[in-house]
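Heads up: the structure comes next, in structure tokens.
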Amino acid sequence: MSTIVNADIIAVVENGQVTETGTHSSLLDSSNFYNNLFSIQNIGQIRDSRTTETTEESATVDKQLSTLDIELKEETRELDGHHTESLEQVEPQRRENTSMFFRIWFGLRKRELANVATGSIAAAFAGVSKPFFGFFIITVGVAYYQKDAKQLVGKYSIIFALIGLLALFMHTLQHYFYGVVGEKAMANLRKALYSGILRNEVGWFEKPENNVGSLTSRVINDTSIVKTIISDRMSVIVQCISSILIATVVSMVVNWRMALVAWAVMPCHFIGGLIQAKSAKGFASDSAATHREVVALASESAANIRTIASFCHEEQILRKARISLEKPMKRSMKESIKYGIIQGFSLCLWNIAHAVALWYTTILVDRKQASFENGIRAYQIFSLTVPSITELWTLIPSVISAINVLTPVFETLDRRTEIEPEKPEDLQLERIKGKIEFQNVKFNYPLRPEVIVLNNFSLQIEPGTKVAIVGPSGAGKSSVLAILLMFYVPLEGRVLIDDKNIKEYNLKMLRKQIGLVQQEPLLFSSSIRNNICYGTEQASETEIMEVSRQANIHEFISNLPDGYDRVVGEKGCQLSGGQKQRIAIARTLLKKPAILLMDEATSALDGESERIIVKALESLNQKGNDGLLSRITRITVAHRLSTIISSDLIVVMDRGEIVESGSHSTLISISEGVYSRLCNLQNGMEM
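Throughout, the numbering used here is defined as the position within the sequence shown, counted from one, plus 15.
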């Protein structure tokens, strides 16, 4: 509130309505609400002189401390409690002697493999229909010129109908069984990949190539290629191979000379098909690239619509979208002409191949080396099998390309995290007491190896102690909490909890006893109840309401139409910053941690809420292994100094080192100290 004391008009808003207006001095005299709010924030009377001594009694100092921010927030790092990860990127390790092709059949059981066999048999029979159709279609044509034409045509019509029914039944079985197997393989890979991603350390997520969009695409889009390969590609490949083999055998039996010529002109068919397919693929890829660019622009615009609207930047965004669309539109006009020429050339090659086959058929008939019926039959079998050959020739490269796309997926899956969250397998971890010790810790962030964040950092915290960490921006305050949670591993030194190296704990079980409240809390798109209970396996309604009261959020929730069942929206977008912060605090209180980490957790709260929450935190106790209650260990990173005056120990950091430590009264008495300067800075900005 020190930032508004010089405002011309101050409006007091309560329950969505303006209740009072005036200047700072007039409201102090006439408004009890404003006066109380001002007193809660511990802001003293405005003074004309800045020479007031800062070594007054503790009560006077407490009155002078303000809520002014003394630093910019350190570079935001999400220390989400639901992740179970730790440190820097380890280069992906491919599994040796394992073919990528066989890995797409990920986690299939004997039942799924039996489905593959059944689907393959069905695909093989489905492939038989084309050459058989080519064989009998000529027989029907010849039958019309025979004496018993009516009977023969009826007989062959029944055969055609049976072939059609067989093809219908076999195609259904083929796509059903391969579809089931493809869906199962995709689901298995997605589960394994998602689990593998969550096991990685925080440093891995901070790399540009592992951003949210990239990982989401990897889990959803890339893994769907497995289903495409198995369901849409492999089944058709088996069908094409069956069709080609049967056609070759039948045509060789009918007339081996014609069969050899048909195979000789086959390159004309698949060369034309390849040219056409490649041209179409290039045409489609340009459209896909444009689509991705426009989608990214639309997504960015929607996410930042408030900023765009506030700067009246809508026309610039639309202009950018038009530019993105105009370039590929002009290119598509040229590509259309090119595609048309290629399409015509490929059809020309196909017709040349058919012309050569028909010409040679007439030569064989003329030389009496084949009857007219067998010559045309061999040609017809060849003609109906050509699409299968062309399709097979284009499918195999597409499968290889698709498998290559899966390489990043398997690299992510194979990667070993720096710290295993469930090793050692100590599932019976006793309740920790809360003693913490940092011994000569040296640390830097993986993406900034040249910047030493903590240098020779040593600190001992006794169980039940309230410790506050303050200092200028970039001093390394939040990094201390990150290391304690094993989000990162220090370069040197050790971190001990209850005289035991933190690396010797089962990390998953240890984190269950450590609570973290961040300055920017993360809520999930679920109900308020689920967000409060997040991370706590069992919690009664009474416990949920109790921690909500302690976090000063129960009254607000109770007034909502759905109460605790109200959905907060994506990232808690339906709530204000202070409301999200209080729900996050309630979530941590419900966890009943032995060690509580507060990373500027009350910065978004009003004075009344802050006072209630601080009072609730003061009374927090934990039950030890002996059944006795004891205070929890609390570490608070704060820039609002009024919240840490009662701390047992205040640690002042600067450039990754501890420069001062002691109680508030001790540190404030050091006139040239860092802590004293911070207090003066806050008090001075009130004047």
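All C-beta atoms in this analysis are idealised placements derived from N, C-alpha and C, irrespective of residue type, glycine included.
Spanning the alpha carbons of residue 26 and residue 426 requires a straight line of approximately 58 Å.
Segment contact: the region 407-425 against the region 167-175, fewer than three CB-CB distances shorter than 8 Å; contact not assigned.
For residue 195, the enclosing alpha helix (DSSP H) has its first and last residue at 164-213. Assigned with DSSP and collapsed to three states, residue 421 falls in coil, not helix or strand.
Distance from the CA of residue 48 to the CA of residue 525, rounded to the nearest whole angstrom, comes to 45 Å. In the assembly as shown, residue 363 is an exposed residue. Its beta-carbon has fewer than 16 other beta-carbons within 10 Å. Between the region 529-548 and the region 588-608, the count of C-beta pairs closer than 8 Å reaches three or more; the two stretches touch.
Cβ-Cβ distances below 6 Å link residue 575 to 581 in the same chain, with the five nearest sequence neighbours on each side left out; the list follows chain order. Contact between residue 141 and residue 182 is confirmed by a C-beta separation of about 6 Å, below the 8 Å threshold.
Comparing alpha-carbon positions, the option among 277, 34, 608 lying closest to residue 404 turns out to be 277. In its chain, beyond the 5 residues on either side, 201, 204, 205, 208, 424 have a beta carbon closer than 7 Å to the beta carbon of residue 238. Taking C-beta atoms as the reference points, residue 650 and residue 499 count as a pair closer than 9 Å. Contact annotation: the region 658-674 touches the region 473-491, with at least three C-beta pairs closer than 8 Å. Assigned with DSSP and collapsed to three states, residue 447 falls in coil, not helix or strand.
The bridge partners DSSP lists for residue 512 are 451, 515. In the three-state reduction of the DSSP assignment, residue 552 falls in the coil class, being assigned neither a helical nor a strand state. When the five nearest sequence neighbours on each side are left out, the beta carbons in the same chain lying within less than 6 Å of the beta carbon of residue 562 are those of 601, 604, 605, in order along the chain. Rounded to the nearest whole angstrom, the C-alpha separation of residue 337 and residue 557 is 57 Å.
Annotation: residue 316 to residue 323 spans about 7 Å, alpha carbon to alpha carbon.
Taken atom to atom, the span from the alpha-carbon of residue 648 to that of residue 572 is near 29 Å. For residue 539 and residue 589, the gap between their C-alpha atoms comes out near 11 Å.
As the crow flies, the alpha-carbon of residue 550 is around 8 Å from that of residue 527. Per DSSP, the continuous alpha helix (DSSP H) segment holding residue 220 begins and ends at 217-220. Less than 9 Å separates the beta-carbon of residue 397 from that of residue 149. Rounded to whole angstroms, the Cβ separation of residue 491 and residue 211 is 31 Å, and the two are not in contact under 8 Å. By the Cβ rule, the region 340-354 does not count as touching the region 259-269, because fewer than three pairs are nearer than 8 Å. The DSSP-derived three-state label of residue 458 is strand.
Inside the region 519-605, DSSP marks whole alpha helix (DSSP H) runs of 4 or more residues at positions 522-526, 543-547, 556-565, 569-573, from first to last along the chain. DSSP assignment within the region 358-432 yields the following whole alpha helix (DSSP H) runs of 4 residues or more, N-terminal first: 387-420, 422-429.
About 5 Å separates the CB atoms of residue 119 and residue 241; that is less than 8 Å, so the two are in contact. Contact between residue 502 and residue 472 does not hold, since their C-beta atoms are separated by about 16 Å, which reaches or exceeds 8 Å.
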